[in-house]
Amino acid sequence: MSRYDASISTAIPKPDGMAKACGAALYVADLKFDDLGPAENSSTGCVPLGADAGLGSDMLYGRFYRSPHPRGRITALRLPDCPEGYRIVTVADIPEGGKNEIPMAGAFDLPCFADGEVRYIGQIVAVVCGPNPAEVDRLVNAVEMEVDPLPLCVNMDDGLALKGGPIHGENNVFCRVDLDNGDLDAAFSAAAEIVEGTYETGFQEQFYMEGQGLIAWPEEDGVGIRGSMQCPYYVSHTVHHVLGLQADQVRVIQDTVGGAFGGKEDYPEIMGAPMAVAALVTGRPIRMIMDRVEDLSFTSKRHPSRCTYRTALDNKGRILGMDVKVDLDGGAYTTYTRIVLMRAVFHCLGAYNIPTFRIRGRGIATNTVPSGAFRGFGAPQTLFGIEMHMEELARIVGEDSLSFKNRHLLKQGDPTVTGGMFREPIILDELVKKLEDMSGYSGKRAFYEAARKQAGACSGRPGASGTENAAADTLGEAGSKSYSASSPKDGLLRGIGMSYLLHGAGFTGDGEQTIIKGEVALEKDENGTVEILCAAVDLGQGCQSTFRKVVGKVLDIHPKEILFPYPDTRRAPDSGPTVASRTMMVVGFLLQKAAEDLKDIWKDGERQRVERKYELPPGIQWDQNTLSGDSYGTYGWGVNACEVEVDPVTWEVRITGAWGVYDVGRAIDERVVEGQIQGGMSQALGYGAMEKLEVDEKGRFRQVAMADYMVPTSLDFPRTGAATVDNPYPYGAYGAKGMGEMVHDAGHAAFAAAVEQAVGRSCRRIPIVPETLMELMDEKEAGA
Amino acid sequence: MSETVTLFVNGEEKTVRPESGMRRLLDVLRDDLGLTGTKEGCGEGECGACSVLLNGRLVNSCLVPVAQASGSEVLTLEGLRKSEAGRLLAECFTECHGAQCGFCTPGMMMASYALLKKNPKPSEQEIREGLAGNICRCTGYDAIINAVQMAAEKGRGLW
Numbered sequence: 007m008s009r010y011d012a013s014i015s016t017a018i019p020k021p022d023g024m025a026k027a028c029g030a031a032l033y034v035a036d037l038k039f040d041d042l043g044p045a046e047n048s049s050t051g052c053v054p055l056g057a058d059a060g061l062g063s064d065m066l067y068g069r070f071y072r073s074p075h076p077r078g079r080i081t082a083l084r085l086p087d088c089p090e091g092y093r094i095v096t097v098a099d100i101p102e103g104g105k106n107e108i109p110m111a112g113a114f115d116l117p118c119f120a121d122g123e124v125r126y127i128g129q130i131v132a133v134v135c136g137p138n139p140a141e142v143d144r145l146v147n148a149v150e151m152e153v154d155p156l157p158l159c160v161n162m163d164d165g166l167a168l169k170g171g172p173i174h175g176e177n178n179v180f181c182r183v184d185l186d187n188g189d190l191d192a193a194f195s196a197a198a199e200i201v202e203g204t205y206e207t208g209f210q211e212q213f214y215m216e217g218q219g220l221i222a223w224p225e226e227d228g229v230g231i232r233g234s235m236q237c238p239y240y241v242s243h244t245v246h247h248v249l250g251l252q253a254d255q256v257r258v259i260q261d262t263v264g265g266a267f268g269g270k271e272d273y274p275e276i277m278g279a280p281m282a283v284a285a286l287v288t289g290r291p292i293r294m295i296m297d298r299v300e301d302l303s304f305t306s307k308r309h310p311s312r313c314t315y316r317t318a319l320d321n322k323g324r325i326l327g328m329d330v331k332v333d334l335d336g337g338a339y340t341t342y343t344r345i346v347l348m349r350a351v352f353h354c355l356g357a358y359n360i361p362t363f364r365i366r367g368r369g370i371a372t373n374t375v376p377s378g379a380f381r382g383f384g385a386p387q388t389l390f391g392i393e394m395h396m397e398e399l400a401r402i403v404g405e406d407s408l409s410f411k412n413r414h415l416l417k418q419g420d421p422t423v424t425g426g427m428f429r430e431p432i433i434l435d436e437l438v439k440k441l442e443d444m445s446g447y448s449g450k451r452a453f454y455e456a457a458r459k460q461a462g463a464c465s466g467r468p469g470a471s472g473t474e475n476a477a478a479d480t481l482g483e484a485g486s487k488s489y490s491a492s493s494p495k496d497g498l499l500r501g502i503g504m505s506y507l508l509h510g511a512g513f514t515g516d517g518e519q520t521i522i523k524g525e526v527a528l529e530k531d532e533n534g535t536v537e538i539l540c541a542a543v544d545l546g547q548g549c550q551s552t553f554r555k556v557v558g559k560v561l562d563i564h565p566k567e568i569l570f571p572y573p574d575t576r577r578a579p580d581s582g583p584t585v586a587s588r589t590m591m592v593v594g595f596l597l598q599k600a601a602e603d604l605k606d607i608w609k610d611g612e613r614q615r616v617e618r619k620y621e622l623p624p625g626i627q628w629d630q631n632t633l634s635g636d637s638y639g640t641y642g643w644g645v646n647a648c649e650v651e652v653d654p655v656t657w658e659v660r661i662t663g664a665w666g667v668y669d670v671g672r673a674i675d676e677r678v679v680e681g682q683i684q685g686g687m688s689q690a691l692g693y694g695a696m697e698k699l700e701v702d703e704k705g706r707f708r709q710v711a712m713a714d715y716m717v718p719t720s721l722d723f724p725r726t727g728a729a730t731v732d733n734p735y736p737y738g739a740y741g742a743k744g745m746g747e748m749v750h751d752a753g754h755a756a757f758a759a760a761v762e763q764a765v766g767r768s769c770r771r772i773p774i775v776p777e778t779l780m781e782l783m784d785e786k787e788a789g790a
Numbered sequence: 264m265s266e267t268v269t270l271f272v273n274g275e276e277k278t279v280r281p282e283s284g285m286r287r288l289l290d291v292l293r294d295d296l297g298l299t300g301t302k303e304g305c306g307e308g309e310c311g312a313c314s315v316l317l318n319g320r321l322v323n324s325c326l327v328p329v330a331q332a333s334g335s336e337v338l339t340l341e342g343l344r345k346s347e348a349g350r351l352l353a354e355c356f357t358e359c360h361g362a363q364c365g366f367c368t369p370g371m372m373m374a375s376y377a378l379l380k381k382n383p384k385p386s387e388q389e390i391r392e393g394l395a396g397n398i399c400r401c402t403g404y405d406a407i408i409n410a411v412q413m414a415a416e417k418g419r420g421l422w
């Protein structure tokens, strides 16, 4: 055994890097039908396919028959005759004792197979399976379904207007989250000024590179499921519920996951349950790999949002109170909307101490694909709202937005929006200082502001010639020298924007202590080899590295000598899902404690096993009924900046700088953290600048091919300047706090603020693509 | 199609009998020859996960009908990884964390190799252009560019 004396933050090469870079890592589509021997990539911990999994060359191809109709009562479902060896599996095939419902975060309205009614185009009606994929396709196309159609709701306005009658309940509201503090009416009565703005965000596709894919197979007394997923135990729970089995009759195995970002949190259950029914009915293993068009068309996306902020300001430009409405488009079934809405609402005041507020949050039903989990889980939507509103307030007060925001920042000991307390130090001032050093934010901001004002004064229109010299003349002490040289007279409009963010780390509310109750285990063999057993999945975010480092650090064993097999529910305890920025902080901390226990009892030459269960950190209190107390154990913090240039003819926006500085507690691997910051920034900037996803008049997504849905390429954005400042959290692994999501929380807001500065207009809706920017400029000019 | 198609894959002669000459080279590689290092990301030539070298040229194998590749030399990651250059590139990807989820990585490896063969000392902009046909959703590309730069530095004379 080699010792491990490096700092926990010092980067190591990724343990799964060589297998991935050599093409030896096996993803679910790579598992062979005929030769299911041990996997080539044992170094990555992949559980080999083999005889014990009951898989062989009798595996069938599966494909869903999905509803072609958006909404209505099913009046006829005509199935074609199947050739021998083919089968079409529907709701009628759910075994006795099973239930046609996908349980999801306390909601049960989504059926496994459509039964009686459909609520969106693409809803799963049947599984068609058989040995030849072409014949399976033919059978899928031969199924006929008729409905008694109803008018449909393609957006939240339709949903709230109850077009066609309610889809869900009596009012199309899946859930509400309301929070109040102080006397808001008094705040508005005392206001010197009242400012209102509505901010909107669109759908966003996770765009994991590997499409959804699973294999389901019958076992002697149950079923098995394996494939690409974030949460093996979520899949297990749903499948045993649908099939009416005991928990231990469902075995779930994770294969190498080709990206997820939340998109493989809920969908593997929605996909896996009907496949499990089909595997039981046919007695055969079934593999389903979605192609990109099916995946883009029918898997869950980020909830579109519309947030209205109304703010009372006093005569010194201080915020007296805020009246906030948060609406999320939940799609056709509840799925995760309730918990996404909770996180959205709990983050809607951002990093600011707003003394008095009234917040009304709603999740609204429409006839579109149920919205689901995506990195940030509601926070990127409301953080866009609050950040853009703060920018607007600063403009009205006549103050630089950073200075205005700084006057309202949260401090240690301040109350949270749910009446809990920010217990740990808040070091946003240090983060901003670092951001300033890296980006030159304030100097650039002042320079671009002067340039824009000067241009506006010269011509009444932004982008007039002569901008730069005039700006340099008026800037004086604001530091023009350093920027004037790099701003050629090209007529482009330039701006830089920033955003603050916080992110509640771990599950919202009492999820960790009352629902998940995570467990981990460590096993040591006679030779002293230590194996990590937990259900956390490496989605690319690097827990194959960081968990080994944590355990290795405690035991003084080099991380490369620690084993960490991909989770198999037969061996790995339920440490909870790989979501909510909880993996490093919550599961990593359990592993650290387990390793400390193992160290205490370590005996050479013996097999030993230790287990650890989640314990709530002291002082945390939460009331799920009143939604009051500490909604999160702790928070990650960050500050982003983005710099742009806008072409005033084509309205194309080029991003010329991007920076993210974060308090992640402590970086367990600097390069892993840097990779998260850079990748998260790229997704956030894609969300803000290019990833347009709309629905048509039937509630279908318009962008269902890669040629239509634009994700960032290597040519679109510059490098992201990434940094962290240590602020260790005592109840996270070696001080680590959650960080996987907050890197996607506010880059889009910094981008939009930069565009606002460049064009001198409020940008209240993302994505900001050239056509929307052109419309915005035309609209304002026409109205001016 | 009853005719056979002969390819020279990673230096070995392979004869396959596809149902149609329009069968995608990607499917021939993955399903008929078991070379699953090549991935399918989109099936429409947009993402580059299925990149291979066809007679030394970088192509998306999902867009190549196998008949068109008849008699051609095909280099996949299974071939590249056996070479010193491939090994070095893989090590640089690992060291720089250029692979997160790893699904785009095989295509990135092939595109990086094709770039370095043509231009052993690429600038950052040239690397960005060389990888522009390959989508990565995890890294934001920074770590991949670092990996290519490291490989260019360490692998002088290797391409």
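Line by line, the protein sequences give chains A and B. Start counting the first sequence at 7; every next residue gets the next number (the working numbering). Start counting the second sequence at 264; every next residue gets the next number (the working numbering). All C-beta atoms in this analysis are idealised placements derived from N, C-alpha and C, irrespective of residue type, glycine included.
* In chain order, what residues of the stretch 352-377 of chain B put their CB closer than 8 Å to some CB of chain A? -> 352, 353, 354, 356, 357, 358, 359, 360, 361, 362, 363, 364, 365, 366, 367, 368, 369 and 372
* Taking the DSSP output, what are the residues bridged to residue 701/A? -> 707/A
* **Within chain A, the residues that residue 395/B reaches when beta carbons sit closer than 8 Å** => 719, 720 and 721
* Mind pulling the chain A residues with CB within less than 7 Å of residue 296/B? -> The premise fails here: residue 296/B is roughly 11 Å from chain A at the closest Cβ pair, so nothing lies under 7 Å.
* Is residue 332/B close to chain A, meaning its C-beta is less than 7 Å from at least one C-beta of that chain? -> no
* **Cα-Cα separation between residue 259/A and residue 233/A, rounded to whole angstroms** => 7 Å
* Asked: Considering only the beta carbon of each residue, do residue 364/A and residue 182/A sit closer than 7 Å?
  -> no
* Burial state of residue 345/B (16 or more Cβ within 10 Å) -> exposed
* **CA nearest to the CA of residue 423/A, picked from 565/A, 695/A, 723/A and 633/A** => 633/A
* In three-state DSSP terms, what is residue 235/A? -> coil
* **Alpha carbon of residue 285/A to alpha carbon of residue 135/A, nearest angstrom** => 9 Å
* Three or more beta-carbon pairs under 8 Å between the stretch 548-562 of chain A and the stretch 576-594 of chain A, yes or no? -> yes
* Asked: Ordered along the chain, which non-local residues of its own chain (more than five positions away) have a Cβ less than 7 Å from that of residue 760/A?
  -> 501, 502, 503, 648, 649 and 650
* To do: Could you tell me whether the stretch 557-573 of chain A touches the stretch 528-539 of chain A, using the rule of 3 or more Cβ pairs below 8 Å?
  => yes
* For the beta strand (DSSP E) that residue 256/A lies in, which residues bound it at each end? -> 256-260
* To do: Check each residue of the stretch 212-237 of chain A: if its Cβ is closer than 9 Å to any Cβ of chain B, include it; give the result in chain order.
  => 212, 213, 214, 215, 216 and 217
* Under 7 Å between C-beta atoms, does residue 492/A make it to chain B? -> The pLDDT assigned to residue 492/A is 42, lower than 50, so where the model puts this residue is not dependable, and the model offers no usable value.
* Are the C-beta atoms of residue 286/B and some chain A residue less than 7 Å apart? -> no
* Could you tell me the boundaries of the alpha helix (DSSP H) in which residue 393/A lies? => 385-403
* Asked: To the nearest whole angstrom, what separates the beta carbons of residue 337/B and residue 272/B, a pair I think is in contact under 8 Å?
  -> 5 Å
* Leaving out five residues before and five after residue 128/A in sequence, what residues of the same chain have Cβ atoms less than 7 Å from its Cβ? -> 72, 73, 303, 304 and 375
* **Inter-residue spacing [alpha-carbon to alpha-carbon] between residue 469/A and residue 726/A** => Only weak support exists for where residue 469/A lies, its pLDDT of 40 falling under 50; the value from the coordinates is given anyway. The straight-line gap from Cα to Cα measures roughly 27 Å.
* **3-residue-minimum beta strand (DSSP E) runs that sit fully inside the stretch 694-774 of chain A, ordered along the chain** => 726-730
* To do: Could you tell me which chain A residues have their CB closer than 9 Å to the CB of residue 406/B, listed as they occur along the chain?
  => 677, 680, 681, 684 and 685
* Asked: Along chain A, in chain order, which residues have C-beta atoms closer than 7 Å to that of residue 344/B?
  -> 28 and 29
* **Terminal residues of the alpha helix (DSSP H) in which residue 280/A lies** => 273-288
* Asked: So what's residue 405/B in DSSP terms, helix, strand or just coil?
  -> helix
* Interface residues of chain B facing residue 33/A [CB-CB closer than 7 Å] -> 366
* Mind checking residue 417/A: buried by the 16 CB within 10 Å criterion, or exposed? -> exposed
* **Neighbour-count burial assignment, residue 708/A, 16 or more Cβ in a 10 Å radius** => exposed
* **C-beta contact flag for residue 411/A and residue 339/A at 7 Å** => no
* To do: Scan the stretch 278-312 of chain A for residues whose Cβ lies nearer than 7 Å to a Cβ of chain B and list them as they occur along the chain.
  => 297 and 298
* Hey, does residue 391/B have any beta-carbon neighbour from chain A nearer than 7 Å? -> yes
* **Whole-angstrom distance between residue 739/A and residue 547/A, CA atom to CA atom** => 16 Å
* Asked: Can the beta-carbon of residue 682/A be found less than 7 Å from the beta-carbon of residue 746/A?
  -> yes
* Expressed to the nearest angstrom, what Euclidean distance is found between the alpha-carbon atoms of residue 628/A and residue 309/A? -> 26 Å
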